[in-house]
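Asks: The numbering used here puts the first residue of the sequence shown at 31, with every later residue one more than the last. Glycine included, each C-beta is placed from N, C-alpha and C at the ideal position. The structure displayed is predicted, hence computed values, not measured ones.
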Amino acid sequence: MKWCAARVEIDSGNPQADMDIVSEVFLELGLSGVVLDDPGLEPQEGWGEDPVQRPERYAVTGYFPMTDTLSRQQQRLQDLLAKRMPDGEFGRSYRIDYAFIEEEDWAEAWKSHFHPIQVSDRFVVKPTWRDYTAAADEIVLEIDPGMAFGTGMHPTTVLCIRALEAVVRPGMSVLDVGTGSGILALVASKLGASRVVGVDLDPIAAAIAHRNLRLNGVTGGSMMVAGRLVESIRMQADVVVANILTEVVLTLSQTVGEVMASEGVLICSGIVESKAPMVIQALANKGFQHIDQAVLEGWVCLRAVKS
């Protein structure tokens, strides 16, 4: 089978937010994942020998199968983008380029976008097909993303990893809502959490997360389940982490306290700066205290304590 790669190149004052819009459009069109080109991502100093091949422009690429519906999908893509992020609005411009590739090329093409990256002082995330020589004090996480989001390269994932480093202590219990590839659950396990539960609405993501934990030697005290938010969870977690969309965080804020221990910590991201105040207010309304935030490239990670 042949594939059509649709690459949306973006030039705007808030490229991360626009990349989020484009990604949502692709997912709405039935794609299970996208590739993000983000030249703004900066690795930390001294982060290793394998240099990141940074893209020159902000872009999102989705892959459509070459079927009878391709022309209709291309038109829907153009129509939805014109509606959601009009060209010229707020000084924004974008272009769509199409390329056609064979199935055997597609099977490997997406892998070229992923490289080892140091996301904190201690953690390096690398795909399984890349080599990396770790320093003595580094913890290397091997991730095979498959069809699940979350390789450690997105700013929201980086923020959540750093927040977990600050709060997780050996023996704690951690709940990862919207686990995706399982990277945050994996970080919690490596930090010494004795019980880690990951939940994702997509059963494929839950299976991939389980595989990634086993790939990194996590064999006990962890469980990945398919389910909606915290509806199927029966635990009192010391830490809950959720790297999901703002609207889903708002929904989660209404019930997450039911699965948290007293004085438990909630870490949530996937929030653009403009929407952070409404999430902070929602958490405050449910009794969360000591709410602070970290910002990276227009994305916010909130940390709050259950009263």
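Measuring CB atoms only, is the stretch 265 to 276 touching the stretch 192 to 211, in the sense that at least three cross pairs come out at less than 8 Å?
Replies: Touching, yes, given that three or more Cβ pairs across the two stretches are closer than 8 Å.
Asks: Does Glu327 come out as helix, strand or coil in the three-state DSSP assignment?
Replies: Residue numbering aside, residue 327 sits at position 297 when the sequence shown is read from its first letter. Coil, per DSSP.
Asks: Looking only at its own chain, which residues have a Cβ that is under 7 Å from the Cβ of Val286, when we skip the five neighbours before and after it?
Replies: The count along the sequence shown starts at 1 and reaches residue 286 at position 256. These residues qualify, in order along the chain: Val260, Val270, Leu296.
Asks: Only counting the same chain, and skipping five residues up and downstream in sequence, which positions put a Cβ closer than 7 Å to that of Ala267?
Replies: Counting from 1 along the sequence shown, the entry for residue 267 is found at position 237. Closer than 7 Å at the Cβ level, and outside the excluded window around Ala267, lie Ser203, Val204, Leu205, Val289, Met290, Ala291, Gly294.
Asks: Taking Val335 as the reference, which of Met308, Ser283, Glu172, Val302 has the closest Cα?
Replies: As a working note, residue 335 is residue 305 in the sequence shown. The candidate whose alpha carbon is nearest that of Val335 is Ser283.
Asks: Throw me the rounded Cβ distance for the Leu59 and Gln103 pair, which I believe falls under 8 Å.
Replies: Here residue 59 is taken as the residue at index 29 of the sequence shown, counted from 1. Here residue 103 is taken as the residue at index 73 of the sequence shown, counted from 1. The pair is a contact, with the Cβ atoms about 6 Å apart (cut-off 8 Å).
Asks: Just how far apart, CA to CA, sit Ala324 and Leu189?
Replies: Along the sequence shown, one-based indexing puts residue 324 at 294. Along the sequence shown, one-based indexing puts residue 189 at 159. So the alpha carbons of these two residues sit roughly 7 Å apart.
Asks: Counting C-beta neighbours from all protein chains within 10 Å, is the total for Tyr88 16 or more, i.e. buried, or is it exposed?
Replies: Within the sequence shown, the letter at position 58 stands for residue 88. Buried, since its Cβ has 16 or more Cβ neighbours within 10 Å.
Asks: What is the rounded straight-line gap between the Cα of Glu119 and the Cα of Asp41?
Replies: Taking the first residue of the sequence shown as 1, we reach residue 119 at position 89. Taking the first residue of the sequence shown as 1, we reach residue 41 at position 11. Their backbone Cα atoms lie some 11 Å apart in a straight line.
Asks: Could you tell me the distance, in whole angstroms, from the CA atom of Asn338 to the CA atom of Val226?
Replies: Residue 338 lies beyond the range of the chain shown here (31 to 337); nothing can be said about it.
Asks: Would you mind reading off the limits of the beta strand (DSSP E) that contains Val289?
Replies: For this step, residue 289 is matched to residue 259 along the sequence shown. Neither: Val289 is in no beta strand (DSSP E) and is coded neither H nor E.
Asks: Measuring alpha carbon to alpha carbon, tell me which residue in Val248, Ala112, Asn242, Ala193 is nearest Ser219.
Replies: As a working mapping, residue 219 is identified with position 189 in the sequence shown. With distances taken between Cα atoms, Ser219 lies closest to Val248.
Asks: Reducing DSSP to helix, strand and coil, say where Thr187 ends up.
Replies: For this step, residue 187 is matched to residue 157 along the sequence shown. It is helical.
Asks: Got a sec? Which residues, its chain only, sit under 8 Å from Arg160 by beta carbon, not counting five neighbours each side?
Replies: Translated into the one-based positions of the sequence shown, residue 160 becomes position 130. Asp80, Phe144, His145, Pro146.
Asks: Write down the C-beta distance between Val229 and Val255 rounded to the nearest angstrom, noting that I regard them as a contact closer than 8 Å.
Replies: Here residue 229 refers to the residue found at position 199 when the sequence shown is read from its first residue. Here residue 255 refers to the residue found at position 225 when the sequence shown is read from its first residue. Right, their Cβ atoms sit about 5 Å apart.
Asks: Alpha carbon to alpha carbon, how far is Ser299 from Thr187?
Replies: Residue mapping note: residue 299 aligns to position 269 of the sequence shown, counting from 1. Residue mapping note: residue 187 aligns to position 157 of the sequence shown, counting from 1. Answer to the nearest angstrom: the Cα atoms are 8 Å apart.
Asks: Is it right to say Gln148 is buried, meaning 16 or more other beta carbons lie within 10 angstroms of its own, or is it exposed?
Replies: Position 118 of the sequence shown, counted from the start, is the residue given in the question as residue 148. Answer is buried; the Cβ neighbour count reaches 16.
Asks: To the nearest angstrom, how far is it from the Cα of Leu24 to the Cα of Thr99?
Replies: The requested residue 24 is not part of the displayed model; the chain covers only 31 to 337.
Asks: Helix, strand or coil for Pro157 per DSSP?
Replies: Counting from one through the sequence shown, the residue named residue 157 turns up at place 127. Pro157: strand per DSSP, three-state reduction.
Asks: Ile213 and Ile173 - do their beta-carbons sit closer together than 7 Å?
Replies: Stepping through the sequence shown from its first residue, residue 173 is reached at position 143. Stepping through the sequence shown from its first residue, residue 213 is reached at position 183. For Ile173 and Ile213, yes; Cβs fall inside 7 Å.
Asks: Is Asp163 buried or exposed, if buried means 16 or more other CB atoms sit within 10 Å of its CB?
Replies: Position 133 of the sequence shown, counted from the start, is the residue given in the question as residue 163. Residue 163 is actually Thr in this sequence, not Asp. Per the 10 Å Cβ criterion, exposed.
Asks: Hey, would you say Val217 sits closer than 7 Å to Leu245, going by beta carbons?
Replies: Taking the first residue of the sequence shown as position 1, residue 217 is located at position 187. Taking the first residue of the sequence shown as position 1, residue 245 is located at position 215. No. Outside cutoff.
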